[in-house]
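So the sequences go chain by chain: A, B and C. For the first sequence, this note's numbering assigns the number 345 to the last residue and increments by one with no breaks. For the second sequence, this note's numbering assigns the number 376 to the last residue and increments by one with no breaks. For the third sequence, this note's numbering assigns the number 349 to the last residue and increments by one with no breaks. All C-beta atoms in this analysis are idealised placements derived from N, C-alpha and C, irrespective of residue type, glycine included.
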Amino acid sequence: MNELTNMLSELCAFPSVSGRERASREGIIALASPYFDEIREDSFGNLLLIKKSARENAPKLMLDAHFDEVGMMVSELHEGGFLSVCAIGGLDTRVLSATEVTIYGKREIYGVVSSVPPHIIGRGSASAPKMNELYIDTGYDLDTLKEIVSVGDVVEFKAGLITLENNRVVSKSLDDKACVCALITTAMLCEADKLTFDLYVTLSAQEETGKNGARLVAYEIEPDIAIITDVNFARDEGVEETDSIEIGKGAGIDISSFTNIPLTRKIMQILDRAKIPYQKICEPSRTSTNNDGVSICGKGVRTALMSIPLSSMHTPSEVVCLDDIISMSRILLEIAYTPIEELL
Amino acid sequence: MIELLKKLMLTHGVSGREDKIRELIRAQIEPYCDEITVDPVGNLIAHIKGEGKKIMLGAHMDEIGYFATHITEKGFIKVSPIGGINYLSGAFSSVVSENGVYGVLAPTKTDELPKADSVYIDIGAKSKRQAENKVKVGDFFVHTPSVKRLLGTRYVGRPFDDRVGCLVLIEAIKEIKNPKNDLYFVFTVQEEVGCKGARPATYTVEPDIAIALDVTRTDDKIGSDTLNVKIGDGPTIKIKDASVICSHELVVKMREIAKANNIKYQDEMLSRGGTDTSSMQIARRGTRAGAISIPCGFIHTNNEMIDINDVRGAIKLVKALVREL
Amino acid sequence: MKKLLKKLCLAFGPTGLEHRVESLIEGEILKSMPSDAEIIRDNLGGIYLHIKNEGAPKLMLNAHMDEVGFMVTTVAENGQIKFGSVGGINPLILGAKRVIFENGVRGVILSKPIHLLSHEEREKCPKISDMLVDIGARSKEEALSLVSIGDYFTFDSDFVEMGGSQIKAKALDDRHGCCAMLSTIASLAKNNARSKYDLYFAFTTREEIGFSSAGCATEIIKPDYAIVIESKAVLDLPEISEDRCVGRLGDGALISYADGGAIMDRALTDELISVCKENNIKYQINRAVSGGNDSAPIQIGAHGTRVALISAPSRYIHSGACVVDYCDLEEICKALYAFVTRG
Numbered sequence: 002m003n004e005l006t007n008m009l010s011e012l013c014a015f016p017s018v019s020g021r022e023r024a025s026r027e028g029i030i031a032l033a034s035p036y037f038d039e040i041r042e043d044s045f046g047n048l049l050l051i052k053k054s055a056r057e058n059a060p061k062l063m064l065d066a067h068f069d070e071v072g073m074m075v076s077e078l079h080e081g082g083f084l085s086v087c088a089i090g091g092l093d094t095r096v097l098s099a100t101e102v103t104i105y106g107k108r109e110i111y112g113v114v115s116s117v118p119p120h121i122i123g124r125g126s127a128s129a130p131k132m133n134e135l136y137i138d139t140g141y142d143l144d145t146l147k148e149i150v151s152v153g154d155v156v157e158f159k160a161g162l163i164t165l166e167n168n169r170v171v172s173k174s175l176d177d178k179a180c181v182c183a184l185i186t187t188a189m190l191c192e193a194d195k196l197t198f199d200l201y202v203t204l205s206a207q208e209e210t211g212k213n214g215a216r217l218v219a220y221e222i223e224p225d226i227a228i229i230t231d232v233n234f235a236r237d238e239g240v241e242e243t244d245s246i247e248i249g250k251g252a253g254i255d256i257s258s259f260t261n262i263p264l265t266r267k268i269m270q271i272l273d274r275a276k277i278p279y280q281k282i283c284e285p286s287r288t289s290t291n292n293d294g295v296s297i298c299g300k301g302v303r304t305a306l307m308s309i310p311l312s313s314m315h316t317p318s319e320v321v322c323l324d325d326i327i328s329m330s331r332i333l334l335e336i337a338y339t340p341i342e343e344l345l
Numbered sequence: 052m053i054e055l056l057k058k059l060m061l062t063h064g065v066s067g068r069e070d071k072i073r074e075l076i077r078a079q080i081e082p083y084c085d086e087i088t089v090d091p092v093g094n095l096i097a098h099i100k101g102e103g104k105k106i107m108l109g110a111h112m113d114e115i116g117y118f119a120t121h122i123t124e125k126g127f128i129k130v131s132p133i134g135g136i137n138y139l140s141g142a143f144s145s146v147v148s149e150n151g152v153y154g155v156l157a158p159t160k161t162d163e164l165p166k167a168d169s170v171y172i173d174i175g176a177k178s179k180r181q182a183e184n185k186v187k188v189g190d191f192f193v194h195t196p197s198v199k200r201l202l203g204t205r206y207v208g209r210p211f212d213d214r215v216g217c218l219v220l221i222e223a224i225k226e227i228k229n230p231k232n233d234l235y236f237v238f239t240v241q242e243e244v245g246c247k248g249a250r251p252a253t254y255t256v257e258p259d260i261a262i263a264l265d266v267t268r269t270d271d272k273i274g275s276d277t278l279n280v281k282i283g284d285g286p287t288i289k290i291k292d293a294s295v296i297c298s299h300e301l302v303v304k305m306r307e308i309a310k311a312n313n314i315k316y317q318d319e320m321l322s323r324g325g326t327d328t329s330s331m332q333i334a335r336r337g338t339r340a341g342a343i344s345i346p347c348g349f350i351h352t353n354n355e356m357i358d359i360n361d362v363r364g365a366i367k368l369v370k371a372l373v374r375e376l
Numbered sequence: 007m008k009k010l011l012k013k014l015c016l017a018f019g020p021t022g023l024e025h026r027v028e029s030l031i032e033g034e035i036l037k038s039m040p041s042d043a044e045i046i047r048d049n050l051g052g053i054y055l056h057i058k059n060e061g062a063p064k065l066m067l068n069a070h071m072d073e074v075g076f077m078v079t080t081v082a083e084n085g086q087i088k089f090g091s092v093g094g095i096n097p098l099i100l101g102a103k104r105v106i107f108e109n110g111v112r113g114v115i116l117s118k119p120i121h122l123l124s125h126e127e128r129e130k131c132p133k134i135s136d137m138l139v140d141i142g143a144r145s146k147e148e149a150l151s152l153v154s155i156g157d158y159f160t161f162d163s164d165f166v167e168m169g170g171s172q173i174k175a176k177a178l179d180d181r182h183g184c185c186a187m188l189s190t191i192a193s194l195a196k197n198n199a200r201s202k203y204d205l206y207f208a209f210t211t212r213e214e215i216g217f218s219s220a221g222c223a224t225e226i227i228k229p230d231y232a233i234v235i236e237s238k239a240v241l242d243l244p245e246i247s248e249d250r251c252v253g254r255l256g257d258g259a260l261i262s263y264a265d266g267g268a269i270m271d272r273a274l275t276d277e278l279i280s281v282c283k284e285n286n287i288k289y290q291i292n293r294a295v296s297g298g299n300d301s302a303p304i305q306i307g308a309h310g311t312r313v314a315l316i317s318a319p320s321r322y323i324h325s326g327a328c329v330v331d332y333c334d335l336e337e338i339c340k341a342l343y344a345f346v347t348r349g
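Next up, the structure:
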C-alpha cells in the first residue's frame, strides 16, 4: 500500500493542466519506464507506453487514462500583483475562493485566490463568485510579475496528497491520476509470457477540454480493443444511485450505448467466472469520457469503459480509495491475459 | 490591396455555395503556386513546394447567410439561417441571392427581436409565381456586401469575416518566393456551419503545423474572462478559444518570430467562439495548430469593422512564420 | 418488399445492440449478392456490401440499422425499473407505452393516474429520470432475475398498414432506408444490371446517439460520392402552414439541399433530382433546415465526400408509432435504382 500511495502522490504532484501536459514528460517517463518496453509521444501531448507480449503479432489492447487535470489560465495581469484567470475544464467557482495555487510562469510561483470575508459581505448573503470576480494574489508588484508570468500561463491547485482512514487518500488531480496509477500498476504486475495482447497504455492529453487526445492517439494505434478508464461519481449523500458507484467497493464497469456492448458483456462474464468483484454503472447515452471519441475515431474501435469512484470531483481535495485502484488493475490484468477470441 | 479586398468582399460565397469566391481566389493565386486542387467538399488547396516542414495556412471562404426553404402564396420567401445570424443587425437590411436577386429581410413582428422563424425575404414579388421566376427553394441569400472607409485606416462593411483572412493569405502567396518550408494554403468551405471544410482539408494535406487566419471579436471583454483585443493594435496570436487550446510550443514560437521581426501582436484568449483551428488540430493523429486573427468589431453584423494596418501586420507575420518556423 | 420492411422494423436493434438487424440484413444480401461482390464488416457492428467496378468512382449508399430505445439503469426496492433513453426521445410520448426487453420480457411505462395529478403536474412535461417500468416483478431481487442493469428495451409495437398506403411501426427510422438499399441490391441482381460506380451499400450503426459509425465507414471506404437514405421528420398536420411542414407524406421521395446537420453537395443533389425527373419518379424538396443525420459525418470524413440525402417523409419518428407512406418508399427505391444504373 505504501508503494502505491507513493506512486499516486508522485503522479498527482506532476503539473498537468490541460494543454500543458508536456511539462511533466520527463518525470512521468522516469517513473514509468521500468515497466514498459517503449515510450513515444505525439504532437498533441499524448504519451504512449508500450509493453509487449512475449507472443509474436499479439493483438493490440489500448488502455487509456487521461493525464491532464482541470486548472486555470492567466488572462490578464493587474497592478498590485493580481492575476485574472479563466477556467480550463469545469470548475466550481464556489470552491476556488481562498484556495492555494501554483502559477507556472518562467518559474513556479505561489498564489492565493482572493476571497471576500463575511465581515464585508455580511453573513449568508454571498452568492457564488463569477470567474472574472476572482483574482489570484501573487504578492509581487506588476513589473516584477510581468517578468515572470505571461498571458496564457497556467495555474494549478496546490494541494499535496494526504491519507485518510480505510485506505482513502485526498489530493488534487486524482481525476484521472488514480486511473493512471492503476494502468502503470497493471503494467508493473503483468508477466509478458502471460500477456495475450501488446499493451498500449495511453496517458492522453486534454480530456478536460474537448476530449481529443485519446482519439488522436487511438487513430495512430488502431487498437483491436480499447479500454478507457476514468473516475466516476462516488455515491455520496445526495448523489443519485443512477449516477454513481460506491467508494471502496471496487472499480466500475460502465454500460452505455457509446461503449461496445458485446465486448462489455463478455468482460463482465469473464469477471463473474473468475469471481472478481466489480460494480455496474449504466449510462444509457453519452459517457462524457474519452470513450465516446475513441469509439468512432478512424475506422472505429471496440471500446469498454471502466471507472474508479471519486468524491469532490474537480476540486483540490478529491477523494479515492486505494482498494478501488487495485481492483481496477486486477480487472485489467485479467482482461490482458484473456485470449482475444473470448472477448469478441 | 484595398481593391482586392473589395473584390473579395463583394463576391458571393455563402457556406455550401463557395464556387464564385473560390474562382476569384484561384485566379489571384494561380500564377504563384505549383499546384492547385479543389477537394470533394470544395476546399481550394494551393501548394508552393519547399523542402522543409509541411506548413498549412487556412482561411475560410464562406460567410453566413440564409437558405430559401419555401415561397409563400403572397410571394415572400421563407428562409432558414446558415451560420450564426445576428437578427438585431439583420432585420430590415438588404439581402441578395446567389443569382443577384435583391430583397429585404423582413420580420413579421416589429416590436420584438426577430427570430429565425419570424423573418421572410421580400424581393418585391406580387405573387408566388412572380417570386418563383427569380428564386428557387434551395437558393442562398447573403446580406448585401459593402466596404466603406472610415477615419484613418479603419474600414467598415461585410463580410470581413473571413475575406480579410483570405486577403492575408493571397497577399502572402504573392510575395513568397522559393520557400524553405513546404507550404499549403487552404481556402476552406463551411466554417460558419461548424468548421467543416478544414477537417477533410487537413486530413488530405497532413501538415506538421497548421495555422488558421480568421477574425476575432473585440467586444468580448466580460471582465477578465477574456483579453481586451483592440482594433488597430496588430494581429493576434491565439492562445485559446472555446473550442481549442492552441499548441503551446507553436504559440511560443510564433511570439518569438513576431518579436524578432518587430511585428506588433496581441494575445488572444477567448471564452467564446471557435475557428477552423479546432478542426485542423484533430484531423488524423493530430496537428500542431495555432491561429492568427484580425481584430474585428461587430462580427456577423452588417457593419464589421477592421483596421487595415492589422491586415498588413498579419501579412508580415505570415511571411515571417513560413520563413522561420 | 413490404414483408421485408415488416421484418426489419420488428427486429430488435437499439443503438449498441444492432446484431439482430445486421444478421437479418446479411441474410437478405446473401440472397442476391453477385459472385464477385464482397461483404465487409467494421469494428462497430456495421456491414457493407461492395459490388465491384474497379477504377470507377466510388459511390456509397448509407442507411443506419439502429433505432432509439432504452436502457435499465437501476431497479427500485419494489421491483420497478428506472431507465434512460438511448437516442433522443421526447418524454411526453412515453406515458403508458408498452415495451419489450431484449430477452422478450414485457413491461409498461407507468403513468400516474390523472386523478392523482396536481394542476401543475398536468401542465408539465414529465422527466424520463422520474419514470418507471413495471415488468410485474414484486421485488428488486425478482426484477434482477429477469433483467439486468444495462439491458436494453424498445417500444413494443406492431407493424400495421393503415389508411390507403400508410404504415405504422417502430424503428421505421431508419429501417426504411435499410429496406430501400436491400431492394436496390435485389433489383440489381434480378435485372443483372451493372453500375458505372464502384458501389458500396453501407449499413451502419450508432446514428441515433450522434456518434455515428458512418464516419468510420467513410474512413474505410473513402467514397467519392455518398447518398444517405434516412428518415426526415415532417409536420404535415392540419393547421400547420406549408412553410413549416418540412414535407408531405405521399408527395414522393424527400430530397434535401440542406438540413440541420449538413449542406449537401449541390451538383450531386441536382443530379439525383434530374434522375427523378427523367424517370417520372415522384419527389419533393425539403422545406426546412432541421434535423441532422449521417450525411454530416460522411461529408467531413476522410478526404471529404460529396453527399446527398433522400428520405421518406416520416411522422412521429422516435416513437413506437412512426408513420410513413409506402408509396414514398417505392419512389425512393426507384430513384436509387435509376441513379446507380444510369449510363
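- Around residue 127(C), the same chain offers 118 as residues with beta carbons nearer than 8 Å, after the five sequence neighbours per side are excluded.
- Cβ neighbours of residue 278(C) within its own chain (closer than 8 Å, five residues either side excluded): 233, 261, 314, 316, 341, 345.
- About 6 Å separates the Cβ atoms of residue 230(B) and residue 99(B), confirming a contact at the 8 Å cut-off.
- By the 16-neighbour rule on beta-carbons within 10 angstroms, residue 194(A) is exposed.
- Interface criterion met: the Cβ of residue 254(B) is under 8 Å from a Cβ in chain C.
- Listed as beta-bridge partners of residue 204(C) by DSSP are 64(C).
- Around the beta carbon of residue 147(A), fewer than 16 other beta carbons sit within 10 angstroms, so the residue counts as exposed.
- For residue 13(C), the enclosing alpha helix (DSSP H) has its first and last residue at 8-16.
- Here the alpha carbons of residue 246(C) and residue 240(C) stand approximately 11 Å from one another.
- Contact annotation: residue 103(C) and residue 328(C) have beta-carbon atoms that are not nearer than 8 Å.
- Look at residue 298(A) here: in three-state DSSP terms it is coil, with no helix or strand label.
- Here DSSP, grouped into helix, strand and coil, assigns residue 374(B) to helix.
- Listed along chain A are 299, 300, each with a C-beta nearer than 7 Å to that of residue 225(C).
- Distance from the CA of residue 205(B) to the CA of residue 207(A), rounded to the nearest whole angstrom, comes to 39 Å.
- Annotation: the stretch 259-328 of chain A contains the following complete segments of the beta strand (DSSP E) (minimum length 3 residues), in chain order: 280-283, 304-311, 319-322.
- For residue 278(A), none of the residues of chain C pass the 9 Å Cβ criterion, the least Cβ distance being about 15 Å.
- If the five residues before and after residue 107(A) are omitted, its C-beta is found closer than 7 Å to the C-beta atoms of 149, all from its own chain and listed in chain order.
- Here residue 157(A) is buried, its C-beta having at least 16 other C-beta atoms within 10 Å.
- Using a CB distance cut-off of 8 Å, residue 212(A) does not count as an interface residue toward chain C.
- For residue 374(B) and residue 204(C), the gap between their C-alpha atoms comes out near 44 Å.
- Contiguous alpha helix (DSSP H) elements confined to the stretch 195-264 of chain C occur at 220-227, taking only those with 4 or more residues.
- The beta carbon of residue 23(C) sits closer than 8 Å to some beta carbon of chain A.
- Cβ atoms of residue 153(C) and residue 89(C) stay farther apart than 8 Å, at about 10 Å.
- The beta carbon of residue 184(C) sits closer than 7 Å to those of 14, 31, 69, 71, 209, all from its chain and outside the five residues before and after it, given in chain order.
- 85(C) is the residue among 202(C), 243(C), 85(C), 180(C) whose C-alpha sits nearest the C-alpha of residue 146(C).
- In this structure, the alpha-carbon of residue 13(A) lies about 10 Å from that of residue 159(A).
- Closest in alpha carbon position to residue 70(B), among 161(B), 113(B), 118(B), is 113(B).
- The Cβ atoms of residue 194(B) and residue 354(B) lie no closer than 8 Å to each other.
- Residues of chain A with a Cβ closer than 8 Å to the Cβ of residue 338(B) are, in chain order, 44.
- Per DSSP, residue 362(B) has no beta-bridge partner at all.
- Contact annotation: residue 333(A) and residue 64(A) have beta-carbon atoms nearer than 8 Å.
- Within the model, the alpha-carbon separation for residue 294(B) versus residue 341(B) is close to 12 Å.
- For residue 285(A), the nearest beta carbon of chain C is closer than 8 Å to its own beta carbon.
- For residue 189(B), a Cβ of chain C is located within less than 8 Å of the residue's own Cβ.
- Under the three-state reduction of DSSP output, residue 91(B) falls in the coil class, being neither helix nor strand.
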